[in-house]
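Undergrad: Protein chains in written order, with our numbering: chain A, 1126 to 1607; chain B, 1126 to 1607; chain C, 7 to 142; chain D, 7 to 142.
Where a beta carbon is used, it is the ideal one built from N, C-alpha and C, also for glycine.
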Amino acid sequence: MKLKNKRWNLDKFKEVREEVLKQWSTGEDVDLEEAIEYHKDLPKKKVMAEVLAIAKEEKATLIQPRAGVALIDEHIELLKFLRKEGQADLLPSTIDSYTRQNNYQEAEQGIKESRNEGRSMLNGFPAVNHGVDGCRKVVEALDAPLQVRHGTPDARLLAEIAIAGGFTDYEGGGISYNIPYAKDVSIKQTLYDWQYVDRLIGYYEEQGVKINREPFGPLTGTLVPPSVSHSIAIIEGLLAAEQGVKSITLGYGQCGNLVQDVAAIHSLKELAEEYLAEYDDIMLTTVFHQWMGGFPQDEAQAFGVISWGAATAALANATKVIVKTPHEALGVPTKEANAQGLRTTKQLVNMLKDQQFVAKGLLEEEKEMIRKETKQILNRVLELGDGDLAQGTVRAFEAGVLDIPFAPSKYNAGNLLPARDNNGAIRYLNHGNLPFSEEVIKFNKERLEERGRDEEREPSFQMVIDDIYAIGKGMLVGKPRS
Amino acid sequence: MKLKNKRWNLDKFKEVREEVLKQWSTGEDVDLEEAIEYHKDLPKKKVMAEVLAIAKEEKATLIQPRAGVALIDEHIELLKFLRKEGQADLLPSTIDSYTRQNNYQEAEQGIKESRNEGRSMLNGFPAVNHGVDGCRKVVEALDAPLQVRHGTPDARLLAEIAIAGGFTDYEGGGISYNIPYAKDVSIKQTLYDWQYVDRLIGYYEEQGVKINREPFGPLTGTLVPPSVSHSIAIIEGLLAAEQGVKSITLGYGQCGNLVQDVAAIHSLKELAEEYLAEYDDIMLTTVFHQWMGGFPQDEAQAFGVISWGAATAALANATKVIVKTPHEALGVPTKEANAQGLRTTKQLVNMLKDQQFVAKGLLEEEKEMIRKETKQILNRVLELGDGDLAQGTVRAFEAGVLDIPFAPSKYNAGNLLPARDNNGAIRYLNHGNLPFSEEVIKFNKERLEERGRDEEREPSFQMVIDDIYAIGKGMLVGKPRS
Amino acid sequence: MEEKTLVLGVIGSDVHAVGNRILEEALTKAGFNVVNIGVLAPQEDFINAAIETDADAILISSLYGHGELDCKGFKEKCIEAGLDNVILYLGGNLVVGKQDWKKTKNKFLNMGFDRVYPPGTLPEAPIADLKEDLGL
Amino acid sequence: MEEKTLVLGVIGSDVHAVGNRILEEALTKAGFNVVNIGVLAPQEDFINAAIETDADAILISSLYGHGELDCKGFKEKCIEAGLDNVILYLGGNLVVGKQDWKKTKNKFLNMGFDRVYPPGTLPEAPIADLKEDLGL
Ligand code: B12
Ligand code: B12
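1. For ligand 1, is there a heavy atom less than 8 Å away from the beta-carbon of residue 1221 of chain A?
2. For chain B, check one thing: does any of its Cβ atoms lie closer than 9 Å to the Cβ of residue 1075 of chain A?
3. Could you check whether the Cβ of residue 1532 of chain B sits closer than 8 Å to any heavy atom belonging to ligand 2?
4. List, from N- to C-terminal side, the alpha helix (DSSP H) runs of 4 residues or more that fit wholly inside the region 1503–1587 of chain A.
5. If we define contact as Cβ-Cβ less than 9 Å, is residue 1601 of chain A a contact residue for chain D?
6. With a cut-off of 8 Å on the beta carbons, I'd call residue 1247 of chain B and residue 1221 of chain B a contact; round off their distance for me.
7. Nearest to residue 1456 of chain A by CA position, among D:21, D:34, D:71 and D:54, is which residue?
8. List, in chain order, every chain B residue whose beta-carbon is nearer than 8 Å to that of residue 1189 of chain A.
9. Taking three-plus beta-carbon pairs below 8 Å as touching, is the region 1314–1326 of chain B in contact with the region 1277–1285 of chain B?
10. Tell me which same chain residues have a C-beta within less than 6 Å of the C-beta of residue 18 of chain D, skipping the five on either side of it?
11. Who are the Cβ neighbours of residue 1211 of chain A in its own chain at under 7 Å, not counting the five residues just before and after it?
12. DSSP three-state call for residue 47 of chain D: helix, strand or coil?
13. Residues in the same chain with beta-carbon distance under 7 Å from residue 101 of chain C, minus the five sequence neighbours each way, listed in chain order, please.
14. Put residue 1613 of chain B into one of helix, strand or coil per three-state DSSP.
15. Could you name the residues of the region 1329–1357 of chain B whose beta carbon sits closer than 8 Å to any beta carbon of chain C, in the order they occur along the chain?
16. Across which residues does DSSP place residue 1228 of chain B in a beta bridge pair?
17. Among A:1387, A:1173, A:1585 and A:1417, which one has its Cα closest to the Cα of residue 1296 of chain A?
18. Along the chain, where does the beta strand (DSSP E) containing residue 1337 of chain A start, and where does it finish?
19. For residue 1290 of chain B, which residues in the same chain have their Cβ closer than 6 Å to its Cβ, ignoring the five residues on either side in sequence?
20. Counting only Cβ pairs nearer than 7 Å, list the residues of chain A close to residue 1592 of chain B.
21. Can you tell me which residues form a DSSP beta bridge with residue 1296 of chain B?
22. Could you check whether the Cβ of residue 1528 of chain B sits closer than 8 Å to any heavy atom belonging to ligand 2?
23. Can you confirm whether residue 1476 of chain B, when its beta carbon is compared against all beta carbons of chain A, has any partner nearer than 9 Å?
24. Answer with yes or no whether the minimum CB distance from residue 1245 of chain A to chain D is below 9 Å.
25. Taking 8 Å as the cut-off, does the CB of residue 1452 of chain B come closer than this to any heavy atom belonging to ligand 2?
26. Name the residue from B:1434, B:1293, B:1380 and B:1558 whose alpha carbon lies nearest to the alpha carbon of residue 1539 of chain B.
27. Return no unless some Cβ of chain C is closer than 9 Å to the Cβ of residue 1192 of chain B.
28. Check whether the region 1363–1379 of chain A touches the region 1322–1329 of chain A, counting contact only when three or more Cβ pairs, one atom from each stretch, lie closer than 8 Å.
29. For residue 1469 of chain B, would you say it is in contact with chain A, using Cβ-to-Cβ distances shorter than 9 Å as the test?
30. Any idea which residues DSSP pairs residue 1370 of chain A with across the strands?
31. If you measure from the beta carbon of residue 1536 of chain B to each beta carbon in chain C, is any gap under 9 Å?
32. Enumerated in chain order, which unbroken segments of the beta strand (DSSP E) with a length of 3 residues or greater are wholly contained in the region 1349–1415 of chain A?
33. For a cutoff of 9 Å on Cβ pairs, would you count residue 49 of chain C as touching chain B?
34. Would you tell me roughly how many angstroms separate the C-alpha atoms of residue 1580 of chain B and residue 126 of chain C, rounded to the nearest one?
35. Under 9 Å, do residue 1414 of chain A and residue 1389 of chain A count as touching if we go by C-beta distance?
36. Just to confirm before moving on: does the CB-CB distance between residue 1435 of chain A and residue 1393 of chain A stay below 9 Å?
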């Protein structure tokens, strides 16, 4: 296996493909040419890239839930409910955790037990086991675009089946679906496997079929500084574009400070446009994730957190927002709770759609800092790869130049300690080996020292822990309890 | 009856007082000197002015519900619940509508029927009927300051009883509790009656007892432009200060556009400080009311509206925020629903407390316009009164120089038509006889024409109606349905 | 079409004026002759206005929660006043609190109202019903 | 005090790493010898680690909802491996969805766990319980 950021030739793709389709029995039902025809017959309202393009044009913010259950009919019922009672604009199929780890055998078991117990024993929709026909049943039952949302390091078979099954959007990437979601899988391996996915989608593109790709922005969802997630989002966007992907949604998980969050969405868009300028005809959109860390258990408080995410998404004018539910802290939501989160979000997105958050003063300052940090990281990544982004990414993780806080992967240095400043913006308490300039380091340090003075304690890991618990306890900044 | 903005001398006050205390049998239990001693023994945490002063100092935003039921024990239970389960910082006693219209006989009937039916048949707490001792039972059972919230044109007896009963804050004013709450009561009469209330509180102040006064900011709660409510708030503040009131909270009802709302709270504070400069030792605070117009019936959507109000209050740094509930559109909330609204609000106020909305660009522009409009109104009011504010107010209502949209009172000209502009800010579609300069008129007109072009229709009453329904239907701006 | 006359108002100590204003506008636009007695209207005012104007229907709003107390005996008073045939509609937030709508509705139907409308009713509903009930 | 050894980890295909990291920190600070096998840990890894380190207790996290499937037969395997006396704690979001906690708790107690903790448990709770159960 040789990893280079170069578009795969078709021969190589087809060679690997044979192996991929053998990973589970349903693989043999995938017929690429037939699938392309199938997609060409889909009405535009079922094609993610088309629906996103309209939203982008109209500066609207679309809303999308997470949802998936074990059995097909129940899954359709769930999605129909979210469309109707939740006014979801875009639909997901969240994949169960066994499928994410390629444990199709256990997924099969989960399907059986779900049938027996009469409730979903899986935390998502096992699309591989249900196969192309199963996916198409879902696609055909619904009147909105469907996206696969998962967390799968090796997502090749899932991509083959789900896309042939009529899904028009595929989440993930070689970094974002590895480091937060795996322990022992090398970056090199997942970048390679995701080149396959991107090449597959590039192939569809070549045949005139639009499939949107969305790197998973929030990563571990826990105090991730914007420049860390931006760096990864842009790398994954570039790697996808190289394989021929044309329609890309870059994501970011809410931090909770309005200025930082708006600055993050604006700078993500601008930076990505700069970096992707070398590729033609890219349709770039953004997705904002409502708070991805620990939630309050109380539903009224959870509604507050959901609303704040919705408001921020609208003020930042993200193309879509991924919606949490009032059950978040406790468990996979009922369809009713899921629809509630959607309706709360819709109310705010509608109320705020014509309001702007103007790029002046603090906001400009924050954007500038995010831009600087991100560029310093990305430049070093390219340097480390001698100009090759894929190689550079692998080496950057080795060197801790790319590093994700709280990630389970052993391929991640894990040196970062993020903490909130006095206004709740996320700063680097320890920037590990991120290649930051003195100016950037000083900026971050000063912000945290300011908080330290306020709380009469040295910034430390205890501060980080307090921040992790804070939103769940009703605060943004984890001030010491008095 | 002669109305002048001059502090009443004590003889006049005592003369009127004799009549007031005879309005209902419980009046005779009021002993002013004993009440002053009672107040002096109250712990600071039960004194509104003290608690507000700390919040002002700390730049915190306190949260307060509306709540009141017919019977004392149930009322105490309700307030205890809101304090404990809703984390309310400040407590209310919302008075029932019969008491508000001085129908103590019907209130008595309502108390009886409530006992029989085992549920509150009144929409609030009939404080007059419960008398001084009844009020003290409530005050003594709770550990936070209590405010009377009502809507009573002639609120003299209610003030005597409730304040002697240990309440430390009294809402209302001669305009704000007349025009939105009555049909046939003259401004002159209510200004006079509220001078009595203010003089009563001024008397307490002279004896060293702090009673806070809060003009009712939101008025009819329905598309009230900030300069209208600011003008009234400042007039009532000045009238109160003249009678010796020292602790004043000025209010404003959320419009829904973030920039306008923050600009409104900032400008309200600044303008009031300017106008009140002639009085010594005034402690001025602000209150932000979550959306006061029609609510969505769906609770998830209502949580969204509540959250947006909470977020705006925090970003504007109002001293307190009055909280709505998920039952708003349907009926007086259960205590559980009330506590939910509070918890949602607390979550946001906490998450946003260290965040600022910076006064640059659009915000400055908006503030400037509100200041101009308000000053143009207030200057004309003073002119009309030949320098006397009370006289000027009466004449200004006659002349339509003061005018409140959608008010039931026949003493209100009712010429105003407010409508939202494209960003959801409230503008004057028809400014009636408000004494605005060409510049102000042009500004308002242009904003609404811009919306008209966007919606391909002339700005008209239909636009206003659409705006009134909009939030209930999940939008801010009432765009024509397509 | 023959012009039908409606008496419109908000009963009791209730001051909610916004819905009343919108109903007036909508009913007038729909071709009715609307006699709006406004807010804070006692039962007697509705009856007097209906007699004076020879009204075909009375539309009562109650928003503030005291609908039960305020509407007691209204139908009986109408009959006494010889208004047996006048159609009675009632709408708004009729009771205190969020209560089961069916029960609330039946309570007021039993009190003699011909139609009873839940919170949030848009003007289109009573307009259609009036056309039906008045044979337009 | 004699140092007690705990095996800590997140079972099954579960990758939620944050609570695990915080528990490690808190338990270590509380004076325990913590052997953290991290996320994505199969039953066997817990058992092997416990044998190797002669552990006094095993603390299993399951956040992602597959707790029922992943914990099946764990107690039996412990007994087979001669770990009869090792204390077993389980915590996290154990089942799929927001379910009645009492039922969930009993389900896992019946499966042989000594203590079972609901979502959102702070480290103080298991620390106090460990002290009690290990006689510290
Ligand atoms: C952050 C997060 C993620 C991150 C995790 C990043 C990482 N690698 O760590 C990401 C985004 C990657 C993620 C992915 C997924 N997640 Co997730 N995630 C969360 C979230 C929001 C916070 C978890 C967290 O870090 N909390 C903070 C820490 C400090 O608290 P904690 O984990 O609860 O641990 C504390 C206590 O529970 C206790 N405790 C934990 N274990 C034990 C053990 C013992 C013995 C004791 C005594 C105590 C104890 O002590 C800890 C410290 O106080 C929760 C919901 C929530 N809680 O708000 C969902 C949640 C856990 N995730 C969930 C799901 C379903 C998933 C996914 C399957 C799908 C998805 N929604 O994307 C994938 C699963 C991937 C996999 N294979 O595991 C569900 C589980 C549902 C259920 N049980 O019914 C939750 C509850 C969200 C929901 N309501 O749907 N997730
Ligand atoms: C604005 C408002 C006010 C303003 C009113 C200003 C004014 N003078 O008009 C102010 C702030 C002054 C106010 C005061 C009070 N209010 Co108020 N108010 C509201 C609010 C938020 C909106 C009402 C509104 O204007 N809606 C918009 C219009 C267009 O809709 P509408 O009034 O519902 O009318 C429509 C329909 O109902 C229907 N309809 C109405 N009547 C009829 C009749 C017929 C025959 C038909 C067919 C249809 C119909 O058609 C209308 C047009 O579509 C409602 C809650 C809500 N709905 O969100 C509470 C609400 C009505 N108020 C309430 C209460 C309790 C009060 C107060 C007692 C106390 C308080 N909370 O401050 C005082 C009462 C004063 C008094 N004596 O009446 C309660 C009533 C509770 C209950 N029934 O259980 C409500 C429901 C809020 C709540 N959940 O507590 N209020």
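TA: In this structure, then:
1. The residue given as residue 1221 of chain A occupies position 96 in the first sequence. Checking every heavy atom of ligand 1 against the Cβ of residue 1221 of chain A, one is found closer than 8 Å.
2. Here chain A comprises residues numbered 1126 to 1607, so residue 1075 of chain A is not present and cannot be evaluated.
3. The residue you call residue 1532 of chain B lines up with position 407 of the second sequence. Yes, the beta carbon of residue 1532 of chain B sits closer than 8 Å to at least one heavy atom of ligand 2.
4. 1514–1524 and 1563–1580
5. In the first sequence, residue 1601 of chain A corresponds to position 476, counting from 1. With 9 Å as the cut-off, residue 1601 of chain A does not count as an interface residue toward chain D.
6. In the second sequence, counting from the first residue as 1, residue 1247 of chain B sits at position 122. In the second sequence, counting from the first residue as 1, residue 1221 of chain B sits at position 96. The Cβ separation is near 4 Å, so the contact holds.
7. Here residue 1456 of chain A refers to the residue found at position 331 of the first sequence. The shortest Cα separation from residue 1456 of chain A among D:21, D:34, D:71 and D:54 belongs to D:71.
8. Looking up residue 1189 of chain A in the first sequence gives position 64. None at all; the shortest Cβ gap to chain B is about 16 Å.
9. In short, these stretches touch, since the Cβ pair count reaches three.
10. As a working mapping, residue 18 of chain D is identified with position 12 in the fourth sequence. Taken in chain order, the residues that qualify are 72 and 76.
11. The count along the first sequence starts at 1 and reaches residue 1211 of chain A at position 86. Closer than 7 Å at Cβ, skipping near neighbours: 1190, 1463, 1464, 1467 and 1468.
12. If you number the fourth sequence from 1, residue 47 of chain D lands on position 41. Residue 47 of chain D falls in the strand class under three-state DSSP.
13. Numbered from 1 along the third sequence, position 95 holds the residue referred to as residue 101 of chain C. Taken in chain order, the residues that qualify are 71, 73, 74 and 110.
14. Look at the range of chain B in this structure, 1126 to 1607, and you will see that residue 1613 of chain B is not part of it.
15. 1345 and 1347
16. Here residue 1228 of chain B refers to the residue found at position 103 of the second sequence. According to DSSP, which records beta bridges pairwise, residue 1228 of chain B is partnered with nothing at all.
17. On the first sequence, residue 1296 of chain A is found 171 positions in, with the first residue counted as 1. When each option's Cα is compared against that of residue 1296 of chain A, the closest is A:1173.
18. On the first sequence, position 212 is the one that residue 1337 of chain A refers to. Note, residue 1337 of chain A: beta strand (DSSP E), 1337–1339.
19. In the second sequence, residue 1290 of chain B corresponds to position 165, counting from 1. Cβ within range, chain order: 1257, 1260 and 1261.
20. Mapped onto the second sequence, residue 1592 of chain B falls at position 467. Those within 7 Å of residue 1592 of chain B in chain A number zero; the least Cβ separation is about 12 Å.
21. The sequence position of residue 1296 of chain B within the second sequence is 171, counting from 1. Its beta-bridge partners are B:1339.
22. By one-based count along the second sequence, residue 1528 of chain B stands at place 403. Because no heavy atom of ligand 2 lies under 8 Å away, the Cβ of residue 1528 of chain B does not count as near it: no.
23. Taking the first residue of the second sequence as 1, we reach residue 1476 of chain B at position 351. Yes, residue 1476 of chain B counts as interfacial toward chain A.
24. Taking the first residue of the first sequence as position 1, residue 1245 of chain A is located at position 120. Interface residue, yes.
25. Here residue 1452 of chain B refers to the residue found at position 327 when the second sequence is read from its first residue. Yes - ligand 2 has a heavy atom lying nearer than 8 Å to the Cβ of residue 1452 of chain B.
26. Walking along the second sequence from the start, residue 1539 of chain B turns up at place 414. It is B:1558.
27. On the second sequence, residue 1192 of chain B is found 67 positions in, with the first residue counted as 1. By this cut-off, residue 1192 of chain B is not an interface position.
28. yes
29. Counting from one through the second sequence, the residue named residue 1469 of chain B turns up at place 344. Answer yes: the Cβ-Cβ gap between residue 1469 of chain B and chain A drops below 9 Å somewhere.
30. On the first sequence, residue 1370 of chain A is found 245 positions in, with the first residue counted as 1. BP columns for residue 1370 of chain A are empty, so no partner.
31. To locate residue 1536 of chain B, count along the second sequence from 1; it is residue 411. Using a Cβ-Cβ cut-off of 9 Å, residue 1536 of chain B does not count as an interface residue toward chain C, since no Cβ of chain C sits closer than that to its own.
32. Within the region 1349–1415 of chain A, the complete beta strand (DSSP E) segments at least 3 residues long are 1372–1378 and 1408–1414, listed from N- to C-terminus.
33. In the third sequence, residue 49 of chain C corresponds to position 43, counting from 1. False, the Cβ-Cβ gap to chain B never drops below 9 Å.
34. For this step, residue 1580 of chain B is matched to residue 455 along the second sequence. For this step, residue 126 of chain C is matched to residue 120 along the third sequence. Using only the alpha carbons, I get a separation of about 25 Å.
35. Taking the first residue of the first sequence as position 1, residue 1414 of chain A is located at position 289. Taking the first residue of the first sequence as position 1, residue 1389 of chain A is located at position 264. No.
36. Looking up residue 1435 of chain A in the first sequence gives position 310. Looking up residue 1393 of chain A in the first sequence gives position 268. Result no, Cβ atoms of residue 1435 of chain A and residue 1393 of chain A do not sit closer than 9 Å.
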